[in-house]
Ligand SMILES: [Zn+2]
């Protein structure tokens, strides 16, 4: 009898454990569904960069002669990068110094005093058509005059509007990198920052480029310089989607724990986006991208904690765009 009771208890235990594990796996899927949808939506952002007519329009705006002259100068001094790489570096400088304006809060159009962001409002049909889904209300600290500040998502409008924060900067800069002929990724970080990567044919790797900071190949800038803690960093492009967190988060103690999705589900979600983006490519093109994917994984392996090389002085700097309080609240002021 003892044997029967034992086996009954064992069966009950087994059923109980199965139910728990089923519930856990079901709840993991249910919980991760919004994040998978978010990734799918985000993956469309850089697809705008493939609009040939828009790229032509963007090229008309660029000071091409100046950018090429600077790139060739730099190439003469150091041939470890290509002219194309230097072209993007020249673009970084021009974009920040001569093209775009960073806006925390607008200057009052009546009395030129500073303003505060006091709320938001609905976009007008025109703003909506140009890709502004949010409009901030800025109020003058001195005369209380209120101004609208549309946050445009479409790079076509941004080419003439030329104002915003990292979202607008990275979006428009990515388009211009693509217009100049570089393979370009739009990089999304779950902790509210976006930037760019371009592929270097000379170095055979993806290069970090953050136009807000005129940063080139300084992937540890956020973790070391800003003291920013990050969980997910995902690259999106016309060639697919990739988890590139390992390039930017090198020290596990400085990372935010990843809880939005299981690692397996994340891998599947990104693979699905990649497969659909590459569906129309030739088998040779697909094979070439897959070989590059493998090289990137090998690159990430070299970033294992303790083996990574020291940061450069360029990476060990606090955030340059954004006012003090704004960066402090975001935990990006370099206070570790
Ligand atoms: Zn005013």
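Numbering (the numbering used here), first residue to last: 374 to 709.
Virtual Cβ for every residue (Gly too), placed ideally from N, Cα, C.
List the whole-angstrom C-beta distance separating residue i from residue j, where the pair is believed to meet the contact cut-off of C-beta under 8 Å.
i, j, result
"residue 512", "residue 579", "Not really, about 42 Å apart at Cβ, beyond 8 Å."
"residue 418", "residue 609", "6 Å"
"residue 454", "residue 573", "7 Å"
"residue 552", "residue 570", "Not quite, the Cβ-Cβ distance comes to about 16 Å (not below 8 Å), so this is no contact."
"residue 416", "residue 560", "Contact flag wrong, Cβ pair sits at about 12 Å."
"residue 476", "residue 493", "15 Å between Cβ atoms; not a contact."
"residue 456", "residue 443", "Actually they are not in contact, since the Cβ atoms of residue 456 and residue 443 sit about 10 Å apart, beyond 8 Å."
Using a Cβ-Cβ cut-off of 6 Å (strictly less than) and excluding sequence neighbours within five positions of residue i, which residues of its own chain qualify?
i, result
"residue 588", "594"
"residue 534", "525"
"residue 586", "693"
"residue 562", "603, 606"
"residue 673", "619"
"residue 412", "642"
"residue 659", "651"
Quick one: give me the first and last residue of the alpha helix (DSSP H) that residue i is part of.
i, result
"residue 671", "656-674"
"residue 615", "From DSSP, residue 615 is part of no alpha helix (DSSP H) but of the beta strand (DSSP E) over 613-616."
"residue 534", "528-534"
"residue 723", "Coverage of the chain is limited to positions 374 through 709, which leaves residue 723 absent and any answer about it impossible."
"residue 649", "636-651"
"residue 546", "539-552"
"residue 425", "425-434"
"residue 442", "437-450"
"residue 499", "498-502"
Express the C-alpha separation of residue j and residue i in angstroms, rounding to a whole number.
i, j, result
"residue 661", "residue 550", "22 Å"
"residue 452", "residue 666", "26 Å"
"residue 689", "residue 432", "34 Å"
"residue 602", "residue 564", "8 Å"
"residue 495", "residue 488", "20 Å"
"residue 537", "residue 499", "18 Å"
"residue 365", "residue 577", "The displayed coordinates of the chain run from 374 to 709. Any statement about residue 365 would go beyond what the structure contains."
"residue 501", "residue 516", "29 Å"
"residue 654", "residue 548", "22 Å"
"residue 644", "residue 567", "21 Å"
"residue 632", "residue 640", "14 Å"
"residue 539", "residue 479", "16 Å"
"residue 614", "residue 663", "12 Å"
"residue 705", "residue 656", "43 Å"
"residue 650", "residue 450", "38 Å"
"residue 473", "residue 460", "18 Å"
"residue 637", "residue 514", "50 Å"
"residue 523", "residue 592", "30 Å"
"residue 399", "residue 652", "Summary for residue 399: the model assigns pLDDT 42, below 50, so the residue's position carries little reliability, and this model does not support an answer."
"residue 686", "residue 590", "12 Å"
"residue 695", "residue 408", "28 Å"
"residue 648", "residue 532", "31 Å"
"residue 506", "residue 414", "15 Å"
"residue 677", "residue 471", "39 Å"
"residue 671", "residue 575", "18 Å"
"residue 410", "residue 420", "17 Å"
"residue 510", "residue 675", "47 Å"
"residue 497", "residue 484", "25 Å"
Given residue i, which residues of its chain have a CB within under 8 Å of its CB, disregarding the five upstream and five downstream residues?
i, result
"residue 482", "518, 520"
"residue 486", "480, 513, 514, 515, 516"
"residue 448", "454, 455, 456, 459"
"residue 440", "460, 463, 464, 467, 553"
Provide the residue span of the beta strand (DSSP E) that contains residue i, from first to last.
i, result
"residue 515", "Premise fails: residue 515 is in no beta strand (DSSP E) and is neither H nor E."
"residue 579", "578-583"
"residue 559", "557-562"
"residue 570", "566-573"
"residue 609", "606-610"
"residue 494", "488-494"
To which residues of the same chain is residue i closer than 7 Å at the C-beta, ignoring the five residues directly before and after it?
i, result
"residue 504", "525, 526, 527, 530"
"residue 584", "465, 468, 469, 542, 543, 546, 569"
"residue 389", "For residue 389, the predicted structure reports a pLDDT of 44, less than 50, and the residue's modelled location is therefore unreliable. A value from the coordinates is still provided. There are no such residues."
"residue 423", "611"
Does the beta carbon of residue i come closer than 8 Å to any beta carbon on chain D?
i, result
"residue 676", "Judged by its chain identifiers, the structure shown contains no chain D, having just a single protein chain."
Exercise. Counting Cβ pairs, one atom from each stretch, are 3 or more of them under 8 Å apart for the segment 609-619 and the segment 549-564?
Worked result: Proximity of the segment 609-619 to the segment 549-564 meets the contact definition, three or more beta-carbon pairs being nearer than 8 Å.
Exercise. Do the segment 618-629 and the segment 427-443 touch if we need at least three Cβ pairs shorter than 8 Å?
Worked result: no
Exercise. Does the segment 594-603 come close enough to the segment 622-636 that 3 or more CB-CB pairs lie under 8 Å?
Worked result: yes
Problem set entry | the segment 432-441 contacting the segment 462-471, beta-carbon criterion three pairs below 8 Å | yes
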